[in-house]
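The sequence shown lines up with residues 1 to 691 when you count with the working numbering.
Working notes for the structure below.
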Amino acid sequence: MKNYPADKIKNITFMGHGSSGKTTLIEAMLYNSGSINRMGKVESGNTTTDFDVEEKRRGMSTNTSYATCEWKDNKFNLVDTPGDFDFLGEQMLGMRVGDVVLLVATAKDGLAVGAEKAIRLASKNNQPLAIVINAVDEPHTNFQETLEKFQAAYGNKVVPAVLPIMDGENFTGIIDVLEQQAYQLETDKNVEIDIPAELQDQVDGAHEALIEQIAESDDDLMMKYFEGEEFTEEEKRNGLRTAIQTESIYPVFVTSAVNNLGVKFLMDMMAKYFPSADMQSNIAAKTSDDSEEELNLDPNGPLAAFVFKTIVDPFVGRISMFRVYSGKVKDGVPVYNIDTHQEERVNGVYFLQGKKQLNTNEINAGDIGALTKLNGTQTNQTLSSKAHPLKIKEVALPTPGLTLGIESVKSGEEDKIMQGMTRLKDEDLSFDIYNDPETKQMLISGMGEVQLDVLCQKLKANYGTEARLYEPKVAYRETIRKKVEVQGRHKKQSGGHGQFGDVWIRFEPGTTEELDFNEEIFGGSVPKNYHPAVQKGLEEACEEGVLAGYPVVNLKATLYDGSYHDVDSNEMSFKLAARLAYRNGLPKADPVLLEPIAALKVTIPDDYLGDIMGDMSKRRGRILGMGADSNPGFQSVEAEAPMSELSKYATDLKSMTQGRGWFSMEFARYEEAPREVSDKVIEAANAEKED
1 MKNYPADKIK NITFMGHGSS GKTTLIEAML YNSGSINRMG KVESGNTTTD
51 FDVEEKRRGM STNTSYATCE WKDNKFNLVD TPGDFDFLGE QMLGMRVGDV
101 VLLVATAKDG LAVGAEKAIR LASKNNQPLA IVINAVDEPH TNFQETLEKF
151 QAAYGNKVVP AVLPIMDGEN FTGIIDVLEQ QAYQLETDKN VEIDIPAELQ
201 DQVDGAHEAL IEQIAESDDD LMMKYFEGEE FTEEEKRNGL RTAIQTESIY
251 PVFVTSAVNN LGVKFLMDMM AKYFPSADMQ SNIAAKTSDD SEEELNLDPN
301 GPLAAFVFKT IVDPFVGRIS MFRVYSGKVK DGVPVYNIDT HQEERVNGVY
351 FLQGKKQLNT NEINAGDIGA LTKLNGTQTN QTLSSKAHPL KIKEVALPTP
401 GLTLGIESVK SGEEDKIMQG MTRLKDEDLS FDIYNDPETK QMLISGMGEV
451 QLDVLCQKLK ANYGTEARLY EPKVAYRETI RKKVEVQGRH KKQSGGHGQF
501 GDVWIRFEPG TTEELDFNEE IFGGSVPKNY HPAVQKGLEE ACEEGVLAGY
551 PVVNLKATLY DGSYHDVDSN EMSFKLAARL AYRNGLPKAD PVLLEPIAAL
601 KVTIPDDYLG DIMGDMSKRR GRILGMGADS NPGFQSVEAE APMSELSKYA
651 TDLKSMTQGR GWFSMEFARY EEAPREVSDK VIEAANAEKE D
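Following this line, the structure appears as structure tokens:
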């Protein structure tokens with residue numbers, strides 16, 4: 001494939017609800033361009049961009065991928081993103097390297113949750129957006145109803161650029177609204193026909209709405225529009241291109257991707273009107289001295305290429321996909337990673353069609369490509385040159401909202417799980433895996449259960465290690481509510497030197513989480529050189545409480561008396577004596593269990609406010625405040641709730657709001673657990689000890 005100038009490159013990110021037809025639409029475009037010989041099917045597992053084993057098994061995209069093709073002297077880089085909400089990080093990274101979002105929605109589902117989220121994300125990131133209403137020839141679908149739902153939600157920005165001609169449920173023709181020309185859909189080409197009489201009024205109305213939105217994007221055109229002058233053909237085309245680029249309009253197109261109807265016409269419109277790479281806003285990058293440098297789209301400028309996806313191929317190794325924002329990536333010329341301070345060799349530069357590699361000598365500013373075997377470079381990092389190191393701002397990936405325990409099905413394979421998941425993290429940065437030293441559990445955090453299940457399946461397929469997920473333990477704490485004074489006396493005689501340590505310790509509630517140790521020894525009843533041993537013994541004892549074995553916090557301990565033996569006393573004896581005092585004293589000091597409390601911010605559509613508040617009450621939560629969110633039609637609820645009640649809140653919130661809600665959560669503090677909760681935890685701890 002030849003190299004194209006930036007003004008002929010269209011970087012298009014496909015987004016939308018799951019099963020809306022994104023992957024199938026890309027497949028049809030690749031087929032129409034001659035890049036592939038036959039169209040694959042998602043259900044058959046043979047599409048170009050869904051090449052991962054788990055994607056084939058599930059029949060859905062779980063990774064961001066891209067495929068390139070040529071169409072009428074243009075180059076399309078088609079970035080395919082997952083539709084499931086658990087893969088938000090993949091969507092965000094895919095959006096970063098696109099110049100326009102192509103939202104794919106089905107005529108059956110209308111304005112689905114995934115479409116709402118994609119539009120919100122595009123708007124937040126100032127990305128131009130176009131809409132494709134797909135599958136208009138499926139039974140019980142209605143293009144006009146779907147269009148009206150989008151218009152009701154997003155106003156007059158949503159304007160049809162094309163209208164379908166339907167014969168019953170058959171999609172037979174298409175109308176170019178701007179040119180006011182109808183076409184009969186044929187296998188090889190589109191044949192010009194007259195606009196059906198019954199659609200003429202609809203076409204006229206859509207044309208007027210389109211012209212009005214075009215006028216609003218340009219002051220000169222607006223003046224001409226108000227004066228009643230007709231736009232020239234060139235003004236209309238340039239105006240539509242500008243309106244899309246400036247986000248003044250969300251043009252609507254129509255296809256039946258599975259039957260490859262309307263797709264060629266869409267590709268023609270993409271080539272004519274979609275923003276090209278040379279229209280990108282200047283990107284800011286940081287230099288090695290932390291100053292900012294603005295990057296122009298100059299193939300001869302300093303190299304700055306952003307890595308948006310890494311895949312690990314069992315045969316090729318690591319494949320790093322990137323977009324070049326300045327300069328060029330050339331075969332044989334090393335690249336430099338400012339994050340790792342590492343220079344990497346370049347042996348082969350490629351364009352991709354899914355996993356198929358197309359050789360090239362260089363990839364210029366504005367284009368998307370791939371390198372292999374960059375072992376020191378991760379997703380979200382920047383490739384530049386050692387002589388002029390640069391770093392493009394990273395994508396702020398979403399915070400994981402679901403944490404589960406993970407363990408091996410076969411005993412003794414915990415290390416294999418950690419090693420395998422660490423390798424999978426090269427492909428997906430939006431999850432984390434770690435060992436919790438307190439609960440002695442391996443924990444994995446992600447966006448939702450689908451993502452975590454996919455990771456477990458990949459672990460099994462790629463590394464031969466089978467893992468299962470389970471609800472993790474909650475990290476409770478223990479403390480006391482009363483003051484007690486107790487003795488701890490350790491005496492042991494077994495011939496020769498014995499062991500002797502004797503302490504009197506006052507235990508009482510403290511003000512700091514860590515042990516507050518003091519001493520009030522008079523007359524040397526316990527020599528000063530043994531005081532650190534007493535403190536050490538208490539600190540070790542506090543790691544295990546007397547109720548359920550959880551760490552003890554907010555404890556003040558004062559050593560105020562004791563005795564020693566000139567020969568038999570030593571540090572170990574006083575350490576053991578302190579532990580005995582702890583075991584004797586805490587059960588008498590009214591010990592209680594503390595549970596961790598989380599602070600939440602839940603964002604949901606207005607309609608779900610009552611449901612969320614009621615659910616929070618069932619979780620023993622407290623509503624602290626609420627108010628309108630920055631997203632129109634959404635409310636933000638601030639609350640606190642016990643972490644034990646929130647283990648699967650990410651899944652439950654998705655279910656309650658049909659995927660429309662989201663939340664953030666962080667640890668707030670510990671509070672005394674209710675008696676019924678405390679009794680259950682203590683009972684479970686005792687049963688575990690017996691086992």
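Backbone N, C-alpha and C fix where the C-beta goes; we use that ideal spot for every residue, glycine too.
Quantities reported herein were computed from a predicted structural model and do not represent experimental measurements.
Residues sharing a beta bridge with residue i, DSSP
i           : result
residue 323 : 306 and 368
residue 593 : 478
residue 352 : 357
residue 406 : 469
residue 497 : Partner(s): none; residue 497 has no beta bridge.
residue 390 : 287
residue 315 : Residue 315 is not bridged to any residue.
residue 626 : 637
residue 432 : 445
residue 601 : 638 and 664
residue 328 : 364
residue 489 : 502
residue 256 : 261
residue 378 : According to DSSP, which records beta bridges pairwise, residue 378 is partnered with nothing at all.
residue 165 : 173
Backbone CA spacing between residue i and residue j [nearest angstrom]
i           : j           : result
residue 693 : residue 657 : Summary: the structure shown does not reach residue 693, with the chain confined to residues 1 through 691, and so no result is reported for it.
residue 26  : residue 385 : 34 angstroms
residue 191 : residue 265 : 11 angstroms
residue 529 : residue 494 : 24 angstroms
residue 40  : residue 284 : 40 angstroms
residue 428 : residue 389 : 25 angstroms
residue 161 : residue 253 : 6 angstroms
residue 405 : residue 611 : 29 angstroms
residue 614 : residue 471 : 24 angstroms
residue 315 : residue 374 : 15 angstroms
residue 163 : residue 441 : 57 angstroms
residue 591 : residue 682 : 12 angstroms
residue 566 : residue 533 : 16 angstroms
residue 89  : residue 419 : 22 angstroms
residue 128 : residue 95  : 11 angstroms
residue 603 : residue 641 : 16 angstroms
residue 232 : residue 244 : 18 angstroms
residue 627 : residue 180 : 46 angstroms
residue 646 : residue 619 : 8 angstroms
residue 518 : residue 545 : 20 angstroms
residue 691 : residue 548 : 14 angstroms
residue 391 : residue 383 : 8 angstroms
residue 371 : residue 325 : 16 angstroms
residue 499 : residue 556 : 27 angstroms
residue 69  : residue 633 : 40 angstroms
Alpha helix (DSSP H) segment containing residue i, residue limits
i           : result
residue 58  : 53-58
residue 574 : 571-585
residue 238 : 233-245
residue 150 : 143-154
residue 686 : 675-690
residue 219 : 219-226
residue 566 : Looking at the DSSP string, residue 566 is not in any alpha helix (DSSP H), and its letter there is neither H nor E.
Unbroken beta strand (DSSP E) run spanning residue i, endpoints
i           : result
residue 447 : No beta strand (DSSP E) contains residue 447, which DSSP labels as neither H nor E.
residue 270 : Residue 270 -> not in any beta strand (DSSP E); alpha helix (DSSP H) instead, spanning 263-273.
residue 14  : 9-15
residue 337 : 335-337
residue 557 : 555-563
residue 532 : Run containing residue 532: none in the beta strand (DSSP E); it sits in the alpha helix (DSSP H), 531-541.
Among the options, nearest to residue i - alpha-carbon criterion
i           : options               : result
residue 136 : 690, 170, 487 and 221 : 170
residue 140 : 109, 468 and 567      : 109
residue 83  : 65, 74 and 70         : 65
residue 75  : 229, 34, 188 and 63   : 34
residue 101 : 461, 392, 13 and 469  : 13
residue 321 : 353, 340 and 182      : 353
residue 543 : 607, 478 and 558      : 478
residue 606 : 195, 661 and 347      : 661
residue 369 : 338, 411 and 308      : 308
Within the segment 167-212, ranges of the beta strand (DSSP E) (whole runs, at least 3 residues): 170-176, 181-185 and 190-193
4-residue-minimum alpha helix (DSSP H) runs that sit fully inside the segment 51-135, ordered along the chain: 53-58, 88-96 and 113-124
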